[in-house]
Amino acid sequence: MAKDNMQEQINEINRKLDIVLEEVMAQRETRQSLEDLTADLTIVGNDVFKSTVTELENAGVELDGEQVKQFMLKLIRNVDTLNETFEMLESMNDMIKDLTPVLHQMGLDAINIMHEYEQKGYFDFMREATKILDNIVTHFSVDDVKALADNAVSILETVKNLTQPEMLKAMNSGLVVYKSIDVRGVPEYTLFKAIKAMNSKEMRRALGFMITFLRNIAREADQRAHLKKL
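Numbers in my numbering are just positions in the sequence shown, counted from 1, shifted up by 1.
Spelled out as structure tokens, the structure:
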């Protein structure tokens, strides 16, 4: 019985030794493969280096080994920075991929809006408006534009007064009256008939309005002349 147990222990030891030997052989094969790969890469690297040196010499470029060494050292020292740069580029690439559908839709919306404006005649209107600007530039000199700028405040004040409701009503009433008059059918007035018409209430009011209007204009002109002298 003791003999059987001893044999089993020997067999177990042999089995473990076989496993250890297999592991050692596997490591040896791996090491040999790495050594072979290193040798191959060394040969390839040397060939590439020699070829590069030859090409640079043919191109008239001098290769400074010290500069190359410094460059490699800087490259190694800045590996983290390079990794961050590549990560940033990858993030930008992902962002561009995300924005591409949005930009595409924005482009389609812009095309649709431009088409809608064209259908409504916006572009035709702008072309005709450009002709208006061309006519203004053609018919007015630089001095005219300067005078317009100098009197812009007065012009705006005049426009402001003209756009008051009372002024608009008065101008509209005048236009309505003018449109109601048949110019070709206006009656002729002799001097006697005109003097007689002057005695009517309407004409007296009209004369009063004209005299008051002209008097106020003269007063305003005098005030402006006085202010200029000051």
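Think of the CB as a built atom: it goes at the ideal place given N, C-alpha and C, for glycine as much as any other residue. Note that the coordinates shown come from a computational prediction; the quantities given were computed from them, not determined experimentally.
By how many angstroms is the C-alpha of residue j removed from the C-alpha of residue i?
i, j, result
"residue 95", "residue 104", "14 Å"
"residue 78", "residue 87", "16 Å"
"residue 155", "residue 200", "40 Å"
"residue 26", "residue 16", "15 Å"
"residue 99", "residue 126", "39 Å"
"residue 141", "residue 171", "32 Å"
"residue 20", "residue 38", "27 Å"
"residue 10", "residue 28", "27 Å"
"residue 206", "residue 152", "35 Å"
"residue 266", "residue 163", "In the structure displayed, the chain extends from 2 to 231; residue 266 sits before or after that span and is not available."
"residue 214", "residue 118", "49 Å"
"residue 56", "residue 91", "34 Å"
"residue 216", "residue 208", "12 Å"
On the DSSP letters alone, give me the boundaries of the alpha helix (DSSP H) that residue i sits inside.
i, result
"residue 188", "No alpha helix (DSSP H) contains residue 188, which DSSP labels as neither H nor E."
"residue 218", "202-230"
"residue 106", "80-121"
"residue 159", "153-163"
"residue 174", "166-181"
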